[in-house]
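Right, one structure below, let's go through it.
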Amino acid sequence: MMPQSNILVTAALRMDREGELRSLLESMNHRPGSVNPANSVVPFEQFAQLHFARLVILEDRTAGDLTAAYGVPQVNYPLCLAFVADFDGTADEFRADLARRAKDGLERIFSCCQGFEPRMNLAEWMKEHENASATNYINWVGRTVGQIREEDALRLALENHVQANSANFADNTAREVHAALREFVHAETNSGRLSFNPAPPTPFGWWLRNAAHLIFVPLVLLLISPFLLLYLPFFCYQLRSREQSDPVIAPRVGQADEQKLASLEDYDVTNQFTAMGSLKPGLFRRWTLVFLLWVLDWTTRHVYTRGQLARVPTIHFARWVFLNDRRRLLFASNYDSSLETYMDDFINKVGWGLNLVFSNGVGYPASRWLILDGAKDEQKFKNFLRRHELPTEVWYKAHPGLSAFDLKRNTLIRQGIERSAMSEPECRQWLSLL
Amino acid sequence: MPAVAVAAMKEAQMPLAVEYADVQGMLRFGFAKMSEACYLLLTIRDPGAARAWLRQAPVTTAEEMSPAPSTALQIGLTRQGLEHLQVPERVIAGFSLEFLSGMSADENRSRRLGDMGANAPRNWSWGAEEKVPHVVVMLFAEPGKLADWQESVKRNLWQAAFEEIACLSTSNLGGREHFGFIDGISQPQIDWQRSRTVSVNGNQLSYGNLVSIGEFVLGYPNEYNRYTERPLLDPKDPGTEDLLQAEDQPDKKDLGRNGSYVVIRQLAQDVRTFWQYQEQAARSISQTGSRVAEAMLGRAIADGAPLVPLSDVPMEGVGDVGNDAKRKLDNGLNRFTYASDPDGTRCPFGSHIRRGNPRSADLPGNPRGLIAKLIHILGFGNANLRADLTASVRFHRVLRRGREYGPGLSPEQALQSAPAGDPERGLHFVALNANIERQFEFVQNAWMAQTKFDGMTEESDPLLGNRQPVAGCPFTNTFSMPQEGKPRKRLMGVPAFVTVRGGAYFFLPGIRALKYLSSAGGK
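Set out below in structure tokens:
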């Protein structure tokens with residue numbers, strides 16, 4: 067199995083180069099919201115391992131909230147560029163590939179950032195400017211871009227074959243149809259019209275680290291659980307006293323901001339979402355969130371690895387990343403359907419999970435006990451997220467038109483084709499995927 | 049505690065009764081006996097005259113009258129209308145963003161609503177750019193009375209006040225829409241008594257049809273037990289004296305109270321193409337045309353019966369109001385969910401009524417017991433792949449008040465080719481909701497237009513879909529009929545049967561709010 071990795075490079079802009087950077091990023095799009103996959107700056111389509119990528123200028127319009135809510139003096143963070151990518155294989159390989167295929171373009175981009183000079187080693191410079199995810203979510207751990215393409219070609223071929231032969235199949239049992247389709251796929255593979263590259267072996271180092279992580283987190287939790295239990299009453303007191311007084315800042319965004327964000331959405335069945343905000347001041351919120359994201363990251367690495375994040379099946383990749391010494395949090399995700407349906411899932415399916423994380427952010431709708439209320443204040447929650455959302459200048463998806471559920475269905479179809487012996491009920495269920 | 053004190057406490061907690069005299073009637077009644085109707089789309093010629101006409105307009109309220117009125121009049125205003133009435137800008141800014149933006153002005157909204165290609169606003173006969181109406185005046189009358197009613201309404205000031213951009217006439221097809229199906233069978237039941245309680249953090253485990261009043265009428269708690277955003281005014285502002293207090297913010301006056309948002313869309317139906325395609329499709333999968341049409345719709349053409357079996361247990365908000373005959377009819381047509389058809393073999397996933405109302409609850413699988421619920425909340429415990437793909441419907445209901453227009457055409461006549469000058473026919477779709485984005489737009493986008501609804505691909509609503517390609521999907525013009533234990537039957541090349549001809553979002557003010565809006569301007 068080939069594991070997926072990601073990078074998130076952030077770098078402060080040179081004040082005098084912002085305009086240049088913005089027009090450079092713009093030149094990578096056919097029009098705002100629709101990237102040109104073959105653009106000459108970073109020709110994304112040339113990267114066979116790349117699932118998603120984005121370039122976004124982190125312009126936090128809510129930086130003043132800390133002052134407004136808590137009277138904390140405002141920190142003027144420099145304007146940053148973030149480059150985010152999700153890909154198959156290791157980050158080292160990907161960076162090297164970037165330096166090989168997109169050297170000029172990336173150098174032009176990063177030249178607009180502080181501390182970069184074209185004579186520097188691009189891959190190393192990026193590595194130095196990376197921020198690790200506190201929690202990283204992958205919809206289907208191990209599914210490569212190549213596999214996605216192969217499986218979609220398989221589904222289309224089967225679909226066409228079944229439709230063309232529906233009369234022949236009408237009187238067959240499901241097992242007979244399954245056997246006939248296996249034969250068809252076999253013939254197509256032999257003639258080279260379909261291909262199935264076997265999954266590469268799981269890298270031993272990755273496997274070892276993953277296994278260690280699987281054990282390490284519960285083990286640590288177990289070891290510190292007596293202390294956590296002792297601390298719990300104090301934690302509850304600290305939490306509730308804060309929850310009762312934390313101010314809510316969730317006005318609706320202005321029409322112009324709304325239009326700017328909306329103009330980048332709903333071209334593909336998948337959309338991007340980038341948001342950032344400040345943590346509530348003080349160590350309590352900071353370490354609560356560090357702890358929670360550390361636990362959540364364990365669940366996304368070992369539990370939610372097969373097509374859904376708790377009840378949400380529409381997220382391809384997502385991450386929560388601390389910035390500026392854990393004083394700010396960046397959230398970036400790729401989700402299916404429109405923002406309104408995404409919000410609907412957030413509120414009605416995993417409101418508790420959103421509260422767990424985002425209630426530690428300044429201005430979030432009032433929550434109780436870390437998981438209650440919060441997102442259930444529907445309009446304030448939507449206002450809050452939209453207000454923290456950033457326009458994503460450049461966004462690339464390797465497989466336009468395919469939703470996360472499409473990918474799952476296609477994988478299940480392939481798995482069924484690979485199985486020679488399935489019972490009649492299993493075959494019936496499998497056929498219903500087509 | 050003495051019983052009297054308990055009663056008094058309960059009394060104090062009882063929500064205020066709805067003041068029907070302040071609510072426009074269409075929120076409560078369909079005016080079914082008034083089978084004649086027309087919708088006048090107006091622009092304002094003279095603000096003073098328009099305000100004066102609106103102040104004296106005989107608006108029909110939601111009060112029960114005896115004898116029942118034989119005519120009715122309802123009024124809606126667009127953002128442009130409010131501006132032309134010279135309502136203060138800060139008041140207008142309190143309305144929802146989608147109302148302020150309008151149905152046609154934003155390309156992102158057009159993408160989401162499927163208003164692309166032939167449906168694009170630039171092709172509309174009204175509702176885009178300079179053809180956005182300011183006011184809609186909806187007139188209803190018993191048979192034979194509409195012309196007189198219209199004439200009497202148009203007296204006094206009318207000519208000075210308004211210019212007519214369109215008069216949307218309607219026709220009465222005896223409760224059926226143009227494709228031949230009974231229309232408007234399933235409607236949410238509004239909790240006018242305010243008896244419904246929703247748990248903010250809990251899950252509603254079974255589908256119900258009783259919906260909080262705040263989902264349709266502004267100023268009341270919605271399904272999240274919150275008050276939907278709406279313009280709230282300072283009591284010191286001139287003209288606000290008669291407005292009611294906001295229940296959630298007693299120091300404000302509630303301009304939204306007892307009002308709603310009305311979505312109007314003119315949907316032209318190509319009845320000939322519809323039935324001619326049904327015949328052709330039926331031949332390709334050896335069925336009859338009406339069976340294919342029924343699969344596309346999700347109900348029987350003869351009596352509107354659902355294609356899935358009725359549920360044995362009663363459902364909240366289904367068949368529990370009205371006289372015995374009405375209850376029996378509703379129970380026979382609406383007491384069902386799709387839990388009995390998880391594979392879509394009886395009623396295709398993509399059928400119009402399954403898309404329009406998937407009848408899903410907050411948590412799939414009806415888990416009982418704390419542990420089972422927890423397992424489901426964490427995303428486990430569903431054997432069925434599609435169990436949790438659609439949103440819970442109680443947050444996405446709309447009240448439909450549409451009427452047909454154009455002459456009827458039977459399926460048999462529809463098989464003939466069109467004569468020269470064949471008139472346009474279709475539906476004036478009218479929907480009421482408190483939150484356009486979460487209700488109408490969500491249903492239209494996520495359920496009707498979305499090509500990935502409920503785990504499917506390459507198809508949108510069989511009746512409403514625009515069949516436009518989407519990125520990565522060169523075709524979206526298919527319709528799937530899952531078959532038990534066999535590959536699905538799949539219709540290809542389904543033409544577009546419906547074309548959007550116009551549309552707009554209106555505010556349907558309460559009576560007090562209408563008085564305010566028609567007085568506040570120009571001061």
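As you go down the protein sequences, you meet chains A and F in turn.
Here the first sequence is numbered in my numbering, starting from 67 and rising by one per residue.
Here the second sequence is numbered in my numbering, starting from 49 and rising by one per residue.
Note that CB positions come from ideal geometry on N, CA and C, so glycine has one too.
As the structure is a computational prediction, the values presented were derived from the model and not from experiment.
F/Asp196 sits in a helix when the DSSP states are folded into three classes.
Around F/Ala294, the same chain offers Leu280, Lys300, Asp302 as residues with beta carbons nearer than 6 Å, after the five sequence neighbours per side are excluded. Near chain F, meaning a CB-to-CB distance below 7 Å, no residue of the segment 192 to 226 of chain A qualifies. DSSP, reduced to helix, strand and coil, places F/Thr547 within a strand of the structure shown. As for any alpha helix (DSSP H) of minimum length 4 sitting wholly inside the segment 277 to 350 of chain A, the runs are 321 to 328, ordered along the chain. Within chain F, the residues placing a beta-carbon under 8 Å from that of A/Gln321 are Leu145, Leu148, Ser149, ordered along the chain. F/Asp378 and F/Asp368 have their alpha carbons spaced roughly 8 Å apart. F/Arg538 is positioned such that its CB atom lies no closer than 8 Å to that of A/Gln495. The beta carbon of A/His244 does not come within 8 Å of any beta carbon belonging to chain F, so the residue lies off that interface.
Of all residues in the segment 239 to 267 of chain F, only Val248, Asn249, Asn251 come within less than 9 Å of chain A when Cβ atoms are compared, listed by chain position.
Bounds of the alpha helix (DSSP H) holding F/Met344 are 337 to 345. In this structure F/Asp351 is exposed. Its beta-carbon is surrounded by fewer than 16 other beta-carbon atoms within 10 angstroms. Proximity to F/Val265 across F/Gly413, F/Pro415, F/Ser217, F/Gly73 peaks at F/Gly73, based on C-alpha coordinates. Taking 8 Å as the upper bound for CB-CB distance, F/Val340 and F/Gln326 are in contact here, some 5 Å apart. With contact defined as three or more Cβ pairs closer than 8 Å, the segment 467 to 481 of chain F and the segment 444 to 454 of chain F are in contact. The alpha carbon of F/Trp101 has as its nearest neighbour, out of F/Ala208, F/Trp174, F/Asp509, F/Gly124, the alpha carbon of F/Ala208.
Taking 8 Å as the Cβ-Cβ cut-off, the segment 391 to 410 of chain A approaches chain F at Asp402, Ser403, Ser404, Glu406, Thr407, Asp410, given in chain order.
Apart from sequence neighbours up to five positions away, the residues of its chain that approach A/Ala189 with a beta-carbon distance below 6 Å are Arg161, Ala162, Ala165, ordered along the chain.
Around the beta carbon of A/Trp273, fewer than 16 other beta carbons lie within 10 angstroms, which makes this residue exposed. Residues are counted here when their Cβ sits less than 9 Å from a Cβ of chain A; for the segment 470 to 500 of chain F these are Asn483, Glu485, Arg486, Glu489, Phe490, Asn493, Ala494, Gln498, Thr499, Lys500, given in chain order. Judged by their CB atoms, F/Gly513 and F/Ala544 are nearer to each other than the 8 Å cut-off. Beta-bridge pairing by DSSP links A/Phe176 to no other residue. Sequence-distant Cβ neighbours of A/Phe412 in its own chain, meaning closer than 7 Å and more than five residues away, are Leu420, Ala441. Residue burial annotation: A/Asp402 is buried, with at least 16 other C-beta atoms found within 10 angstroms of its C-beta. Judged by DSSP in its simplified three-state form, F/Met151 adopts coil rather than helix or strand.
For the set F/Gly304, F/Glu289, F/Asp290, the Cα lying nearest the Cα of F/Asp296 is the one of F/Gly304. Residues of chain F whose Cβ lies closer than 9 Å to the Cβ of A/Leu287 do not exist; the shortest such Cβ separation is about 17 Å.
In the three-state scheme derived from DSSP, where H, G and I count as helix and E and B as strand, A/Lys415 is classed as coil.
Contact between A/Pro103 and A/Glu111 holds: CB atoms are separated by about 4 Å, below the 8 Å threshold.
Assignment of beta-bridge partners to F/Gln317 by DSSP yields F/Val546.
Taken in chain order, the members of the segment 433 to 447 of chain F whose beta-carbon sits within less than 9 Å of a beta-carbon on chain A are Leu433, Arg434, Asp436, Leu437, Ala439, Ser440, Phe443, His444.
Chain F places a beta carbon closer than 8 Å to that of A/His465, counting this residue as a contact. With contact defined as three or more Cβ pairs closer than 8 Å, the segment 236 to 255 of chain F and the segment 483 to 492 of chain F are not in contact. Excluding its 5 nearest sequence neighbours in each direction, F/Val366 has C-beta neighbours in its own chain below 7 Å: Asn257, Asp378, Asn379, Asn382, Arg383, listed in chain order. Cβ-Cβ separation between A/Leu422 and A/Leu349: approximately 18 Å, too far for a contact (criterion under 8 Å).
Taking 8 Å as the cut-off between beta carbons, the residues of the segment 508 to 536 of chain F near chain A are Val518, Ala519, Gly520, Cys521, Pro530, Glu532, Gly533, Lys534, Pro535, Arg536, in sequence order.
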